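This report refers to the structure that appears directly beneath it.
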Amino acid sequence: MKAIKFEATTCPSCAAIVDLGINVRGHGEPKPGHIAVCMSCGEILVFAEDMKLRSADLNDALRIKPETMQEILECQKAVREGNPHNRHKQ
Ligand SMILES: [Zn+2]
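This is how it looks when you write it as structure tokens:
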């Protein structure tokens, strides 16, 4: 998996500045509709048309393929285990 730098935007869940992501599908620049995981809080986010991030809603969740969801869950686990600020939230 390759980290991709993009224009800074704010996580709607934790307000962290997000300007770096991992493309879980492993190819290309992020585009509207692509799924991202906040590297600070692990929230599932979606790139909107203006490339700002919003929280994933039910329609987004239904669109996520099972193998992609597995990768998202692995990212969330890595974020939560790797970020000492989040340990007390579990
Ligand atoms: Zn966040």
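Numbered per this note's numbering, the sequence shown spans residues 82 to 171.
Even glycine gets a Cβ: it sits at the ideal position worked out from N, Cα and C.
In this text the structure is predicted, and so the values were computed from the model without any measurement.
Minimum Cα-Cα distance from P111 among the listed residues C95, G123, A129 and S136 corresponds to A129. I153 counts as buried, since no fewer than 16 other beta carbons sit within 10 angstroms of its beta carbon. Within the same chain, Cβ atoms closer than 6 Å to the Cβ of H115 are found at F128, the five residues on either side in sequence being excluded. Beta-bridge partners assigned by DSSP to K86: L101. Membership of A117 in the beta strand (DSSP E) is indicated by the continuous run I116 to V118. I125: member of the beta strand (DSSP E) spanning I125 to F128, first to last residue.
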